[in-house]
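First the structure, in the form of structure tokens, and then the observations on it.
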Amino acid sequence: EVEYLACLLKDLANLSQSTNNGDNSISLSQPENFGTLLDYETKDGKNIEISRNSPMQSIQKQKLTKHYANADHVLKQMKEKEKLSEQAGILTYDNPSIADLKDQNRPTKLAEKYSELYDNQWTVAFETIAKEDPDMSYDTIALYLYAVLVDGYRFCEDLRRKQILALEDILFDPTGGIKTSQRGQKEEISTIFAKHLSDVAKLSSNVSSVHVAKAFVMDKNTKDKYRKMTKLIQTYILECVQLCWLMHIQTPPLCLDLKTIKGQVVDKNSYMEYTKKGKKIAFVVWPALFLHEDGPVLRKGVAQCQ
């Protein structure tokens, strides 16, 4: 449609040039003359009259009129599509039941990456630690890798919350005089604006997720807790945090199950058994992934049972 419209506009320019040759021509650059050209009536969808005061040749006037009508029709179609697209975007915002199939990081895709992370990088990290420290039990290694994922998830959750609050402060108080925490009543961001804010976060997600992952690795708490193994399992750590960031910029955010603890009855709808069977949870190896908080399961987790 854009290319077609460009061709129409080019033809209009050429026709305008040809009709403007001569002493008695009307210049289409003058609004009042262009209005004269367009002052016509239609009957049964056909042009029956063009201003008699125009000195342009009849056939050229008819061509101009036809091209203008076509261009106007194309413009209306483009505007209608743009409007429908915007309305569809608003419908998908904060509505996990409607997926944006153009989004390469939509929930179902992230769920696939989540499974791949466990199958690939988790396995590599597990084997690397087992080789580096033979005295560490397999259960301890599994718990260690679980802690990395959970810490990364919480780090991203906190960072995303701070990011949104900072943007709200900038928008509602550009002078920086009033902080969100100081306001008695928090202003609400419109749904349309919130949708655009989410879109911007997704558009920059591939770059921002890398920065977030690096920030997690450089964080003092991370260094203190994982100092021994940071370099050995760096790829696993980075990929965990990048994926967690992509989860948190969804609307609503994807949710890891951090509520399942030792002693609970195994929910077979949410968890698969690790190396031991049983009716109760010994510890979680890989948390289940939900579409949103209290939402349906996107990917089952893995738990050691007893």
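The letter at position 218 of the sequence shown is residue 218 when you use UniProt numbering, and the numbering goes up by one with no holes. For glycine and all other residues, C-beta sits at the position ideal for the given N, C-alpha and C. Fair warning: this is a prediction, and the values are worked out from it, not measured in the lab.
Inter-residue Cα distance where the pair is residue i and residue j
| i | j | result |
| --- | --- | --- |
| A130 | V285 | 16 Å |
| T222 | E80 | 51 Å |
| G263 | L143 | 16 Å |
| T140 | L165 | 38 Å |
| E293 | T251 | 11 Å |
| N53 | Q77 | Residue placement at N53 cannot be trusted, given a pLDDT of 47 that sits under 50; the coordinates are not used to answer. |
| E127 | L232 | 11 Å |
| A213 | Q121 | 15 Å |
| I261 | Y138 | 19 Å |
| L110 | S270 | 17 Å |
| L171 | H211 | 24 Å |
| E112 | H73 | 43 Å |
| R227 | K277 | 34 Å |
| G35 | V200 | Note that G35 scores a pLDDT of 44, beneath 50, so its modelled location is shaky; the value from the coordinates is reported in the next line. Whole-angstrom Cα-Cα distance: 42 Å. |
CB contact flag (residue i, residue j, <8 Å)
| i | j | result |
| --- | --- | --- |
| Y236 | A147 | no |
| F290 | C255 | yes |
| P287 | L258 | yes |
| Y114 | R299 | yes |
| I249 | R160 | yes |
| V207 | L238 | no |
| L197 | L167 | yes |
| A215 | V266 | no |
| L246 | S209 | yes |
| C305 | C244 | no |
| S205 | N70 | no |
Simplified DSSP assignment, three categories, for residue i
| i | result |
| --- | --- |
| E273 | strand |
| V217 | helix |
| K131 | helix |
| L256 | strand |
| Q121 | helix |
| E212 | Before going further, note that residue 212 is Val rather than Glu in the sequence given. Residue state, collapsed to three classes: helix. |
| M56 | In this prediction, M56 scores a pLDDT of 49, lower than 50, which makes its location untrustworthy; the coordinate-derived value is nonetheless stated afterwards. Note: M56 maps to coil in three-state DSSP. |
| V150 | helix |
| L291 | coil |
| Q163 | helix |
| Q77 | helix |
For residue i, the first and last residue of its enclosing beta strand (DSSP E)
| i | result |
| --- | --- |
| I281 | 281 to 286 |
| L243 | Note, L243: premise wrong, no beta strand (DSSP E); alpha helix (DSSP H) at 234 to 248. |
| L298 | 297 to 299 |
Terminal residues of the alpha helix (DSSP H) in which residue i lies
| i | result |
| --- | --- |
| S204 | Per DSSP, S204 belongs to no alpha helix (DSSP H) and is neither H nor E. |
| L110 | 107 to 117 |
8 Å Cβ cutoff, residue i in contact with chain D
| i | result |
| --- | --- |
| K162 | As a matter of chain content, chain D is missing from the structure shown, which is built from one protein chain. |
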